[in-house]
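Peer 1: Next up is a structure, given as structure tokens.
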Amino acid sequence: MLTGMMMNRPLLISGLIDFASEVYGTIPMVSQTVEGGIHRYTFADSRKRIAKLANALIAMGVKPGDRVATLAWNGYRHFELYYAISGIGAVCHTINPRLSAEQFIYVVNHAEDTALFFDITFAPIVEKFKAHWKPVKTYVAMTDAAHMPDMAGALCYETLIAPASDQIVWPDFPEDTAAALCYTSGTTGDPKGALYSHRSTVLHSLYSVATINMAFGSDRSILPVVPLFHVNAWGLPYSAAITGTTLIFPGAKLDGASLFELMESEHASGSWGVPTVWLGLLAEMKKRGRKPVGLKHVLIGGSAAPKPMIETFEKDYGITVLQGWGMTEMSPLGTVGHLLPEEENLDFAERVELKAKQGRRVYGVDLKIVDEAGTRLPHDDVASGELFVRGNAIVSGYYKNEGASVRALDKEGWFATGDVARIAANGMLTIVDRTKDLVKSGGEWISSIDVENAAMAHTGLANCAVIGIPHPKWTERPVLVAVKAPGAEPSKDEILKLLDSKLAKWQLPDDVIFVEALPIGPTGKVSKRDLRAKFADYKLPEAG
Ligand code: AMP
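So in our numbering, the last one in the sequence shown is 561, and the numbering has no gaps at all.
Structure representation (structure tokens):
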């Protein structure tokens, strides 16, 4: 083997913001602030404040490798923390503010965060848990002196960075140095930490912009509804810097009307988020009879995008839908569903059919499906099995959790996603279900996603979820839990009749239960775990 004669510079996150501030220095970034009002500045302004913050962190005593926590919405100060913390070799631990009390206590202590930065809206959470967060020495409220919460000992972000120099030469260190820590929302047991490195983060953003190239550019803007506290807002702070894309941060206002107004006033060309947030936006668009001016694409990920949602965006409003599949453990992008030219020429129904699948792999991600014995299954769009992934932006284990780390990888070193999937010869991935959410009926598996997709075609439903209920003969049977659309009165029989026309008899739910709302988990997705707990004592009509 002959070694190539090329330089080997470490792939560091600091290089992204240096690049953006020079090449895209005038490109704006917009934030809806938690104090009220809109904040605007450019990548060049941002780099200066990031340098100030980095210098302030060093002065505060933050050392390379220290974990520094954030508890914050999407906004410019959170963006600054991302770059300043990782830039000096420390680790930015983004905490999900929707965790349970137990999880809040666990993640901060497990990460051993030495400092915690919080948005003023989260001051009550900090007050509540401070006594339990033993490793945290410094609390910083992400605001100015005028808006400081009444909290003993808390520092003020603006006061902290004001005297610091806005110049910094970033330190060089190995590219596999840890940069960010995000805990999985965890369906069972304690949350598990995905510890991203500089290298994995830079590569992930390159993979992302190479694959979703239509979304990025210095003439484009993206409104990340997906939070900075969940898998780095799907990498947007980094991919926006590489491409000079304007970010429009929505702060704490994530309801349909607020999103519509911000998208419209700031001319968002794209927006990324989980399906539940789009329900709110679509309701607002229906009310106004139009889309926010300039909105061209939405990226829907985190859970399956329901077919009727894709249809409405595309047909009624001319907004291109891209579906993305991924995981916290994958940084997160795994696949993206844009179509090839020959697929764009298909008729509308066929295109929607394809867009309801999870898409093709992003460059840098390898996929395989296996049966229960671990034997590879063919990519023929028929065989379904557990999905495993491999790549440079995928975890090799969990932070300080040896047991979970060992269980996460197979003998070949691939990561077990916990999803069941089919893969077509042309690379198109279909997620059948989460292993835990499949309904095991007799010897067959029923995909809860398939039944939900079929039911959502009923215009009288706002949202729905399918769960398995224990059954004496069949092990489990599916039950559809549904929320009625405003003003609609769909009946159980109507919905079962519709499903009967789309599904096999044995896949039909044994019951349809109407509820006011579905439980939403920490990452904004419908929580089937909570739903199963809610219906733990429920008896199927036939099983008595
Ligand atoms: P998280 O780590 O919280 O982002 O959750 C990752 C899981 O969400 C995946 O393993 C999938 O089960 C699910 N998921 C993410 N995106 C999709 C999608 N487009 N369709 C179906 N399931 C998805």
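Note that CB positions come from ideal geometry on N, CA and C, so glycine has one too.
Straight-line CA distance for residue 347 to residue 114?
Peer 2: 21 Å
Peer 1: Pull up the distance between the alpha-carbon of residue 248 and that of residue 83, whole angstroms please.
Peer 2: Going by the C-alpha atoms only, they are around 19 Å apart.
Peer 1: Report buried or exposed for residue 104, applying the criterion of at least 16 other Cβ atoms within 10 angstroms of its Cβ.
Peer 2: buried
Peer 1: Using the Cα positions of residue 37 and residue 109, report the straight-line distance between them to the nearest angstrom.
Peer 2: 20 Å
Peer 1: Taking the alpha carbon of residue 163 as the reference point, which residue from 155, 294 and 173 has its own alpha carbon closest?
Peer 2: 173
Peer 1: Tell me residue 383's beta-bridge partners as DSSP assigns them.
Peer 2: 407
Peer 1: Residue 429: which of 177, 549 and 385 sits nearest, CA to CA?
Peer 2: 385
Peer 1: Grab the span of the beta strand (DSSP E) containing residue 112 for me, first residue to last.
Peer 2: Neither: residue 112 is in no beta strand (DSSP E) and is coded neither H nor E.
Peer 1: Any heavy atom of the ligand AMP inside 7 Å of the beta-carbon of residue 202?
Peer 2: yes
Peer 1: Cα separation between residue 34 and residue 551?
Peer 2: 46 Å
Peer 1: Return yes when the C-beta of residue 436 is under 7 Å from any heavy atom of the ligand AMP, and no when it is not.
Peer 2: yes
Peer 1: So, are the CB atoms of residue 480 and residue 324 less than 8 Å apart?
Peer 2: Contact flag unset, no.
Peer 1: Quick check for students: name the residue ranges of the beta strand (DSSP E) that lie wholly in the stretch 395-481, counting only runs of 3 or more.
Peer 2: 402-408, 432-440, 446-451, 456-458 and 461-463
Peer 1: On the DSSP bridge assignment, give the partners of residue 158 in chain order.
Peer 2: 135 and 173
Peer 1: Please confirm if the stretch 234-245 is in contact with the stretch 331-344, defined as three or more CB-CB distances below 8 Å between the two stretches.
Peer 2: no
Peer 1: Is DSSP giving residue 362 helix, strand or coil here?
Peer 2: coil
Peer 1: Quick one, which of 341, 85, 72 and 295 has its alpha-carbon nearest residue 2's?
Peer 2: This structure cannot speak to residue 2, because the chain is shown only from 18 to 561.
Peer 1: Which value, in whole angstroms, describes the spacing of the CA atoms of residue 255 and residue 507?
Peer 2: Separation of residue 255 and residue 507 (C-alpha to C-alpha, rounded to the nearest whole angstrom) is 45 Å.
Peer 1: Cα separation between residue 447 and residue 387?
Peer 2: 14 Å
Peer 1: Could you check if residue 320 belongs to the surroundings of the ligand AMP, using beta carbon to heavy atom distance under 7 Å?
Peer 2: yes
Peer 1: Per DSSP, residue 494 forms a beta bridge with which residues?
Peer 2: 486
Peer 1: With the cut-off set at 8 Å, would you say residue 97 and residue 70 are in Cβ contact?
Peer 2: yes
Peer 1: Would DSSP call residue 289 helix, strand or coil?
Peer 2: strand
Peer 1: Does residue 58 come out as helix, strand or coil in the three-state DSSP assignment?
Peer 2: Note: residue 58 maps to strand in three-state DSSP.
Peer 1: Cα separation between residue 466 and residue 251?
Peer 2: 22 Å
Peer 1: Can you give me the C-alpha to C-alpha distance between residue 187 and residue 214, rounded to a whole angstrom?
Peer 2: 16 Å
Peer 1: Determine the direct distance from the alpha carbon of residue 177 to that of residue 121, and round the result to whole angstroms.
Peer 2: 26 Å
Peer 1: Span of the beta strand (DSSP E) holding residue 343?
Peer 2: 337-343
Peer 1: Assuming residue 73 and residue 181 make a contact with CB atoms under 8 Å, what is their CB distance in whole Å?
Peer 2: 4 Å
Peer 1: Let me check understanding here. Comparing Cα to Cα, which of 405, 489, 132 and 435 lies closest to residue 458?
Peer 2: 489
Peer 1: Terminal residues of the continuous beta strand (DSSP E) containing residue 528?
Peer 2: 528-531
Peer 1: Give me, in chain order, the residues of the same chain whose beta-carbon lies closer than 7 Å to that of residue 75; leave out the 5 immediate sequence neighbours on both sides.
Peer 2: 105
Peer 1: How long is the line joining the alpha carbons of residue 147 and residue 170, rounded to whole angstroms?
Peer 2: 11 Å
Peer 1: For residue 426 and residue 404, I'd like the C-alpha separation in whole angstroms.
Peer 2: 12 Å
Peer 1: Measure the C-alpha to C-alpha separation of residue 259 and residue 79 and round it to an integer number of angstroms.
Peer 2: 27 Å
Peer 1: On a CA-only basis, which of 51, 29 and 64 is nearest residue 42? Give me that one, please.
Peer 2: Taking only the C-alpha atoms, the option nearest residue 42 is 64.
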